[in-house]
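Before any comments, here is the structure.
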Amino acid sequence: MRTRSMTNWMRRIGGIAAFGLMTATAVWFAWPQPIPVDLATVAKGPMEVTVDDEATTEVRHVYTVSAPIAGKVLRISPPHHVGDEVAKDETVVAVMQPTIPGLHDVRTHEELLAALGAAEAAVTFAEAEVKRLEAALAFSRTELDRAERLAKSGAISQNALDKARFEVDTNEAALASAKAQVEVRRNEQAMIRARLGQPVGDVTQSDPACCVQLRAPVSGRILKIVQESEGMVQPGTPLVEIGDPRDLQVAADLLSTDAVQIRPGAAVRIDGWGGAALEGKVTRIDPAGFLKVSALGIEEQRVHTEIEILDPAEMWSQLGHDYRVIVHVTSWRDDNVLSVPVAALFRQGDDWAVYLAEAGRARTAIIKIGHRDSRMAEVESGLSEGDRVVLHPSDRVADGVAVRERSVR
Numbered sequence: 041m042r043t044r045s046m047t048n049w050m051r052r053i054g055g056i057a058a059f060g061l062m063t064a065t066a067v068w069f070a071w072p073q074p075i076p077v078d079l080a081t082v083a084k085g086p087m088e089v090t091v092d093d094e095a096t097t098e099v100r101h102v103y104t105v106s107a108p109i110a111g112k113v114l115r116i117s118p119p120h121h122v123g124d125e126v127a128k129d130e131t132v133v134a135v136m137q138p139t140i141p142g143l144h145d146v147r148t149h150e151e152l153l154a155a156l157g158a159a160e161a162a163v164t165f166a167e168a169e170v171k172r173l174e175a176a177l178a179f180s181r182t183e184l185d186r187a188e189r190l191a192k193s194g195a196i197s198q199n200a201l202d203k204a205r206f207e208v209d210t211n212e213a214a215l216a217s218a219k220a221q222v223e224v225r226r227n228e229q230a231m232i233r234a235r236l237g238q239p240v241g242d243v244t245q246s247d248p249a250c251c252v253q254l255r256a257p258v259s260g261r262i263l264k265i266v267q268e269s270e271g272m273v274q275p276g277t278p279l280v281e282i283g284d285p286r287d288l289q290v291a292a293d294l295l296s297t298d299a300v301q302i303r304p305g306a307a308v309r310i311d312g313w314g315g316a317a318l319e320g321k322v323t324r325i326d327p328a329g330f331l332k333v334s335a336l337g338i339e340e341q342r343v344h345t346e347i348e349i350l351d352p353a354e355m356w357s358q359l360g361h362d363y364r365v366i367v368h369v370t371s372w373r374d375d376n377v378l379s380v381p382v383a384a385l386f387r388q389g390d391d392w393a394v395y396l397a398e399a400g401r402a403r404t405a406i407i408k409i410g411h412r413d414s415r416m417a418e419v420e421s422g423l424s425e426g427d428r429v430v431l432h433p434s435d436r437v438a439d440g441v442a443v444r445e446r447s448v449r
């Protein structure tokens with residue numbers, strides 16, 4: 041009897057223990073678990089805010105050789121190629137020939153033939169006028185000789201002698217004018233004959249007077265051949281660009297909102313060109329901006345900015361004209377500033393806030409930030425050095441919620 045009572049008592053104790061274990065297990069699963077989060081420590085240290093953008097290298101002084109007259113430029117490449125060295129006033133970079141007369145239609149041809157006939161008749165008329173005046177001059181000279189002999193004997197008056205001299209002078213002037221008219225008519229005839237001529241073959245370069253040789257204005261290398269093939273060009277047409285690749289700088293078109301934050305002399309880090317990062321400084325910021333449409337079709341106001349490379353040329357000797365680089369222009373820097381990762385910030389109304397991790401629970405802290413970049417933000421108030429903040433806070437994080445730092449495997 042006593043044994044049976046002990047057995048029942050043991051069963052009751054086992055049932056109670058099992059129920060307690062199940063209850064504890066349910067409570068454990070129902071109890072809110074700490075949310076695993078990434079934490080960062082607020083600390084003091086150097087901080088730098090930069091303006092980052094794409095840029096291109098460029099030769100500081102590029103000289104463009106243009107066509108001085110209208111004509112036919114001979115093929116430039118070959119004999120020249122991009123990268124060839126040229127010497128100032130010695131290397132001939134382009135050769136131009138005079139233009140070939142154009143063909144004219146039948147109507148124009150008939151008109152020119154008629155004009156040529158009129159010009160030939162005008163020449164004949166002018167030559168006949170010369171002969172008439174030559175005869176008149178010879179007669180007036182004979183009359184002058186006779187008048188001079190009669191005047192010596194007093195047979196004629198002084199007035200008659202003066203009149204004879206006047207006739208000679210008048211005929212001499214008229215004859216000179218008629219001879220000039222003959223030259224005018226002959227030149228007009230030659231001009232019409234030239235217009236009647238049909239185009240002939242290319243002018244050879246054996247005659248130095250046939251062509252215009254364009255020489256390099258500076259010593260350096262050919263950067264670009266604009267007009268490679270032979271062709272007709274108008275005055276001012278660009279043919280070749282020349283510059284010195286050793287005189288290299290970086291040109292960046294920055295957003296106007298970024299350009300107002302930097303000043304000439306600002307430090308620049310240049311990378312993204314395939315080599316080690318280079319040091320530079322801003323030398324010029326244009327006072328006027330321009331409109332540029334981005335690849336996404338967005339209109340942006342850009343400002344042209346020039347940057348000097350400070351590192352020796354041996355470090356960037358592989359860079360050339362119009363190469364792509366990335367520039368990081370320093371707009372602000374402090375060597376001892378309290379900063380917090382931007383990933384911890386979120387908006388609460390009009391203020392910035394972070395979640396502080398204190399005693400295993402999250403607490404909202406309103407802070408005031410100053411300068412910031414894509415990674416860090418300057419803390420002006422609301423945080424102290426050593427505070428732990430939650431990175432990338434999700435909707436699950438709130439005031440009083442238990443949090444724990446996510447373990448890193």
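Using the working numbering, you'd call the opening residue of the sequence shown number 41 and step up by one each time.
Built from N, CA and C at the ideal position, the CB exists for glycine as well.
Predicted model, so just to flag it, every value in this text is computed and none were measured.
Three-state secondary structure (DSSP) at L331?
strand
Please go through the same chain and pick out, in chain order, the residues whose beta-carbon is closer than 8 Å to the beta-carbon of E98, but skip the five residues on each side of it.
L288, Q289, V290, A291, H361 and D362
Is the beta carbon of K170 less than 7 Å from the beta carbon of V208?
According to the sequence displayed, residue 170 carries Val and not Lys. No, Cβ-Cβ distance for V170 and V208 is not below 7 Å.
Host beta strand (DSSP E) of I435 (start-end)
For the record, residue 435 in the displayed sequence is Asp; it is not Ile. D435 -> no beta strand (DSSP E), and no H or E assigned at all.
To the nearest whole angstrom, what separates the beta carbons of L216 and A204, a pair I think is in contact under 8 Å?
Here the sequence assigns Ala to residue 216, which means Leu is not the residue at that position. Wrong, their Cβ atoms sit about 20 Å apart, outside the cutoff.
Determine the burial state of D375: buried for a count of at least 16 other Cβ atoms within 10 Å of its Cβ, exposed for fewer.
exposed
Going by C-alpha distance, which of A353, L114 and H144 is nearest Q137?
L114
Three-state secondary structure (DSSP) of T97
strand
Looking only at its chain, what residues have a beta carbon closer than 6 Å to the beta carbon of E183, apart from the 5 residues adjacent to it on each side?
A204
L61 - DSSP class collapsed to helix/strand/coil:
helix
Taking the runs of the beta strand (DSSP E) that are 3 residues or longer, which of them lie wholly in the region 371-438?
386-388, 391-398, 401-412, 416-421 and 428-431
In angstroms with no decimal places, state the Cα-to-Cα distance between L359 and A442.
55 Å
Pick from R412, R226 and R403: whose alpha carbon is nearest that of A438?
R403
Do the region 375-384 and the region 415-433 make contact, defined as three or more Cβ pairs closer than 8 Å?
yes
Look at I302 and V252 and say whether their C-beta atoms are less than 7 Å apart.
no
Between which two residues does the beta strand (DSSP E) holding R192 run?
A small fix is needed here, since residue 192 is Lys in this sequence, not Arg. Taken as a continuous stretch (DSSP letters only), K192 belongs to no beta strand (DSSP E), being part of the alpha helix (DSSP H) at V146 to S193.
Please confirm whether D367 and A95 have their CB atoms less than 7 Å apart.
Looking at the sequence shown, residue 367 is not Asp but Val. Cβ atoms of V367 and A95: closer than 7 Å.
Is the separation between the beta-carbon of T104 and that of P275 shorter than 7 Å?
no
Could you tell me the distance, in whole angstroms, from the CA atom of I109 to the CA atom of P141?
16 Å
For the beta strand (DSSP E) containing D284, name the first residue and the last one.
Run containing D284: none; DSSP gives neither H nor E here.
To the nearest angstrom, how far is it from the Cα of L201 to the Cα of S193?
12 Å
Count the other CB atoms, across all protein chains shown, that sit within 10 Å of the CB of P304; report buried if there are 16 or more and exposed otherwise.
exposed
Three-state secondary structure (DSSP) of L336:
coil
Put C251 into one of helix, strand or coil per three-state DSSP.
coil
Neighbour-count burial assignment, S371, 16 or more Cβ in a 10 Å radius:
buried
Let me know the secondary structure DSSP gives W79 once reduced to three states.
It is Leu, not Trp, that sits at residue 79 in the sequence shown. Correct three-state label for L79: strand.
Tell me where the beta strand (DSSP E) around A134 begins and ends.
V132 to Q137
How many angstroms separate the CA atom of L294 from the CA atom of I265?
29 Å
For S106, which of helix, strand or coil comes out of DSSP?
strand
Over what stretch of residues does the beta strand (DSSP E) that includes R444 continue unbroken?
V443 to E445
Endpoints, beta strand (DSSP E) assigned at M272:
G271 to V273
Compute the beta-carbon to beta-carbon distance between V133 and R261, rounded to the nearest angstrom, for a pair I have assumed lies under 8 Å.
No, V133 and R261 are not in contact; Cβ-Cβ is about 11 Å, not under 8 Å.
In chain order, what residues of the same chain lie with their CB nearer than 6 Å to the CB of D311, ignoring the 5 residues before and after it?
A317 and I366
If we count Cβ pairs, one from each stretch, closer than 8 Å, do we get three or more for the region 158-175 versus the region 218-235?
yes
Mind checking which residues open and close the alpha helix (DSSP H) that includes L263?
It is not in any alpha helix (DSSP H) - L263 instead sits in the beta strand (DSSP E) that spans G260 to I265.
One question on the structure: do I347 and V322 come within less than 7 Å of each other, judged by their Cβ atoms?
yes
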